[in-house]
Amino acid sequence: MLNNEYTRVKISSHRQRQVDSTSDLPARGPLSRRAFLGGIGTLGATTIAATSVIELFAQSAQAQGTASTGTSSLHQWAMVFDLRNCDGCKACTMACQQRHSLTSEQTWIKVYTMQSSAGQTYHMARPCMMCEDPPCMYVCPVGATFRTDEGLVLVDQEACIGCRTCMAACPYEARYFNWTTPPPATKIPGMKQSPEWPVPQIKDTVGKCVWCADRLPHGELPACVAGCPMGVIYIGDLTTDAAINSAGNVVKLSDFLRNNDAYRFQEEYGTNPRVWYIPGHGQDLNNDSASS
Amino acid sequence: MTTTTSNIAPIAHLRKAAMRPVFEPGKRYWLAVCILAAIVAWGIVAWIIQVHRGLGSAGYNNHAFWAIYIANVVTFVGVSYGGAVVSAILRLTGATWRAPLTRIAEATAVVTVLIGASFIFPHLGRPERFLELIYRPNLSSPIFWDFIAISTYAFASIVFFYLPLLPDLSVGHEQLVDKGRNRLARIYSKMSWKWNGNTRQRKLLNGSIGLIAILIIPLAVSVHSVLSWAFSLTSRPWWHESIWAPYFVVAALYSGIALVILIVALFRKIYHLEDYINERHFVRLGLILVPFGATYLYLTVADFLPGSYVGEHGVVSVFAAVIIGRYALWFWLFVFGGCILPVLIMALPWTRRIGTILIGAALVDASLWLKRIIMVVGPANYGRVSGLFGSYHFTWISISVTLAGVAAIPLLLLLVFRVVPILSITEMEEIVDHETKLLEEKLQSLKDFNHSDQISLGDPSRKIGIREIVHASSSAQLATSTSLEIQAEEI
Amino acid sequence: MSRLSQYIVATFLLASLSLVSLASMDSAFAQVVASPLTLNVTQPASTSDTLTLAASLPSNTSLNSPIHFYVTTKLFGGKHLVPIGVSSLNDGTASITYKPTWDGTQSFTATVVDPKTGATQITANASYDVISSKPAVSFANANQKNPLSHFGKGFIVALLIIVAAVWVTLLTTLFRVVRGMSKLAP
């Protein structure tokens, strides 16, 4: 799967773009602004406040500038979990941990055993939800968590101060802290630690699922998607309106969600996650073992 | 309220007592400093080991991502409220009995807010990146505003400590010169900026202190509100409660006054300030604790009732764990030991003694720390997807660092009062002067009315002398009643 | 609506009749047989952001199976066909409407299955240059409106002004006292 000619594409990190008016995305930009004043050392509090304010307006002007030009086919990544096919084998978790050299506690994609209202047990994997309104990003005091133009919420571990407010804010418990020195990572030539490729993890900073942001620009599937033997996980693009699973099954995303009554987990927190679930308890598996 | 007369009589024994710790702190001073400094140093060593090993060595894990250190930040910043209240509110309401306590209270406020703020560093995984808060802040983060609120309040506390100190430094300067302590005398002289106690200087200073006293109250309220919003701006059950901001503020006032009681008792004992601080001061402070303790208990009920009644899954799970589950023992210990018992001790006349008041105050501070631990760890332990609770244990590292913070309070105060007068000399002299003058005016009008030295007090058969009246009134005034009596003799 | 029509500017087009064998593209279409199915993409005047895909078979064909329509994507490495609709033949023509969700040249494919052989019999290709588009899925709850985002930056600016005022008050008070002491000393 790995491309040796890989050259890392920077997903315009360190600056999330104002949500475009051509899309239906909620305009929640202003409060999430970070002022990047890198390099400024010892300035008085007032000066900093003033520059931050200027920065705020500068960004707003720029955002208005981009609004009229329209999107030029930016990908808007999304995931769908077809729970009708999930038997809770945790292959996704293992594929992820192996790819990112994680410890067993760091379940960036975690399979929960859930109880339905009808008393059935079912399995539900939870990656990072890549929320449209990510509370983790809003509360990060130094803007170490940011959102790319393509809707990926990533962590700059070189900037994280380790305050863990994001862990408090995430309603999905999707964030994991490196409480001790992380295990040595399997080295891949030509790949440097970055928000998109956070390997190895950095001690005393927060890490989380990145949807294999290093792979997506190359048309490669994230490790969990590729590693799911049941084809439960679809990675898709809301712009192209297409999604694919490990079995190579391509669907029209909007129809797939609509026709199968897809829902988003814990919608009540208002984070607008980019992960949809198709309700089920593994009934589409041949052995039907997951139903009780 | 403030006197405008420049010829305020100096009170010699007060000036001597206030500067005594600077000149002769006592034999056991160095012993105490060494022991406390060792505890602090041990805590710093533990912290360095923690930085080396990672935050996991302090007992933290993914199900207890916030725990003891943030609880310490809340606790220590909280107890610094005592200074703001005793000093600012009592000053603004004209409660003259505050005067012997203000210097200790204000110094406690400065010391505890600095210790509280420094607990941010062990709380952070990457303390060396702390300055990012200044050069690349995210203005929508509650943590950024915590940083702003705490630093503003800390600076205001320092100003509020320094301004009333300014004339006292001038007083201390003379004594330092007399005893040949020239180096400290130079600093005193520089820091007191040519104070000579004339009317215009006093007017300017008292006006400025009044302004800061007004300003520091909303600042203090803002600090704990913003601190509470670090929790309640997340969607976590029990943290996400609208009551938390006032809840934190009341807790801070409650524990802050309790700490002032403890610190005042400590320094009264070691520096023999019994002539200036007596049981009435403790009783009054104890009585202030009563409404705050009762309010905190009331807010606790108000915090738990709606969530328990409605039964939303996450909230009910956390509340059940606190009230009847895994944290119940500690929670009820707090309710009885931290609210009901101290309030009863302070409220019942027959338990209102210095000893019992001190026990009550110690109970308040200890159990409010416990309460903060429950408030932080409980919701952090709760997994919102699984509905299961994780666990959290203290380690020797987290305990050592916390104890270092506790030991740092008396240590820093001992060091502060080694260089700074422990009583607010000028404030007390002004109050004595002012009240003596009021008394003189009253006596004069009585004398004018009766044309005699004998005053009839309703019952014609009971005749008492002016001196007895002065004596009786003065004992109802300041603890510096001795000086009043001396002055009354001269009338 | 006017803005919408602004986005959707039709630069028509090449209604391609080119019949391409897709055998090399996807294993699912291994048994493709070329045949005279034609696919035509048009933009109706009334709804500017919707395209109409019409596939027609010569009248002499006996085939009566439904026509499957696809749009091609290279998103996941290689070419993949995203199913966008199925329609039955009516007078030799089957048509669907499609709302493009992304910009750029899109190529469409129509297929029909021969029920006798079970093989994907006929394919046709057409491409269309989409100037602007709308994502098909909206994430936002339409009723959800955050009062804080209503005030936006103004809220933060107001807070910063308050903080600045407090610091200015503290510093000027300190400065006034320090300077005043020296000034007022005789």
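Residue numbers (this note's numbering), protein chains in the order written: chain A, 1 to 292; chain B, 1001 to 1491; chain C, 2001 to 2186.
Note that beta-carbon positions come from the ideal geometry of N, C-alpha and C, so glycine has one too.
I need the straight-line Cα distance from residue i to residue j, nearest angstrom please.
i	j	result
ALA2023 of chain C	TYR2070 of chain C	Bear in mind that a pLDDT of 27 at ALA2023 of chain C, under 50, signals an unreliable position, so the number given afterwards is only what the model happens to contain. Taking the straight line from one Cα to the other gives about 15 Å.
TYR1327 of chain B	ILE2162 of chain C	40 Å
GLY236 of chain A	LEU253 of chain A	7 Å
LYS2079 of chain C	SER104 of chain A	36 Å
THR113 of chain A	GLY88 of chain A	8 Å
MET124 of chain A	VAL1079 of chain B	46 Å
PRO1137 of chain B	VAL153 of chain A	18 Å
LEU1166 of chain B	SER1192 of chain B	5 Å
VAL1318 of chain B	VAL1376 of chain B	12 Å
PHE293 of chain A	VAL155 of chain A	Outside the shown range of chain A (1 to 292) lies residue 293 of chain A, about which nothing can therefore be said.
HIS2068 of chain C	TRP77 of chain A	26 Å
MET2181 of chain C	LYS1190 of chain B	11 Å
ILE1070 of chain B	LEU1443 of chain B	57 Å
ILE1134 of chain B	LYS2183 of chain C	37 Å
LEU2053 of chain C	ILE2084 of chain C	10 Å
GLY1390 of chain B	PRO1379 of chain B	10 Å
HIS1281 of chain B	PHE1160 of chain B	22 Å
ILE278 of chain A	GLN157 of chain A	33 Å
PRO964 of chain B	ASP1168 of chain B	Since the first and last residues shown for chain B are 1001 and 1491, residue 964 of chain B lies out of range.
THR2105 of chain C	ASN259 of chain A	28 Å
ILE54 of chain A	THR121 of chain A	Note that ILE54 of chain A has pLDDT 48, beneath the 50 cutoff, so the model's placement of it is unreliable and the number below is only indicative. Going from the Cα of ILE54 of chain A to the Cα of THR121 of chain A covers about 54 Å.
ALA1088 of chain B	ILE1214 of chain B	7 Å
ALA1064 of chain B	PRO200 of chain A	23 Å
VAL1385 of chain B	GLU173 of chain A	7 Å
Thinking residue i and residue j are a contact (beta carbons under 8 Å), I'd like their distance in whole angstroms, please.
i	j	result
ALA1032 of chain B	LEU1414 of chain B	6 Å
VAL1223 of chain B	VAL1077 of chain B	6 Å
LEU1341 of chain B	LEU1305 of chain B	Actually they are not in contact, since the Cβ atoms of LEU1341 of chain B and LEU1305 of chain B sit about 23 Å apart, beyond 8 Å.
GLY1043 of chain B	HIS1393 of chain B	No, GLY1043 of chain B and HIS1393 of chain B are not in contact; Cβ-Cβ is about 18 Å, not under 8 Å.
ILE1008 of chain B	GLU1430 of chain B	6 Å
LEU1233 of chain B	THR1152 of chain B	The pair is not a contact, with the Cβ atoms about 19 Å apart (cut-off 8 Å).
ALA2055 of chain C	LEU2081 of chain C	With 8 Å as the limit, ALA2055 of chain C and LEU2081 of chain C do not qualify as a contact, their Cβ atoms being about 14 Å apart.
What's the call for residue i, buried or exposed, on a 16-neighbour Cβ count within 10 Å?
i	result
VAL2168 of chain C	exposed
LYS2153 of chain C	buried
VAL275 of chain A	buried
VAL1310 of chain B	exposed
SER1445 of chain B	exposed
VAL1419 of chain B	exposed
GLN283 of chain A	exposed
PHE1449 of chain B	exposed
PRO141 of chain A	buried
ASN1062 of chain B	buried
ILE1409 of chain B	buried
GLU220 of chain A	buried
Consult DSSP for residue i and reduce its assignment to one of helix, strand or coil.
i	result
GLY236 of chain A	strand
MET129 of chain A	coil
MET191 of chain A	coil
ILE161 of chain A	coil
THR1482 of chain B	Legend: pLDDT at THR1482 of chain B = 44, less than 50; position of this residue unreliable, value from coordinates given subsequently. It is helical.
LYS1190 of chain B	helix
GLY38 of chain A	Any reading at GLY38 of chain A must be qualified, since the residue scores a pLDDT of 30, below 50, and its modelled position is unreliable; the value itself is stated next. It is coil, neither helix nor strand.
ARG258 of chain A	helix
ASN85 of chain A	helix
VAL1177 of chain B	helix
TYR1327 of chain B	coil
ASN2064 of chain C	coil
GLY1387 of chain B	coil
MET124 of chain A	strand
ALA1380 of chain B	helix
MET2181 of chain C	helix
The segment 1245-1265 of chain B in contact with the segment 1224-1236 of chain B per 3-pair CB rule at 8 Å: yes
Contact between the segment 125-142 of chain A and the segment 255-275 of chain A: three or more CB pairs below 8 Å? These segments touch.
Would you check if the segment 214-224 of chain A and the segment 157-172 of chain A touch, i.e. whether three or more CB-CB distances between them fall below 8 Å? no
Sufficient close CB pairs (3 or more, under 8 Å) joining the segment 1019-1030 of chain B to the segment 1426-1441 of chain B: no
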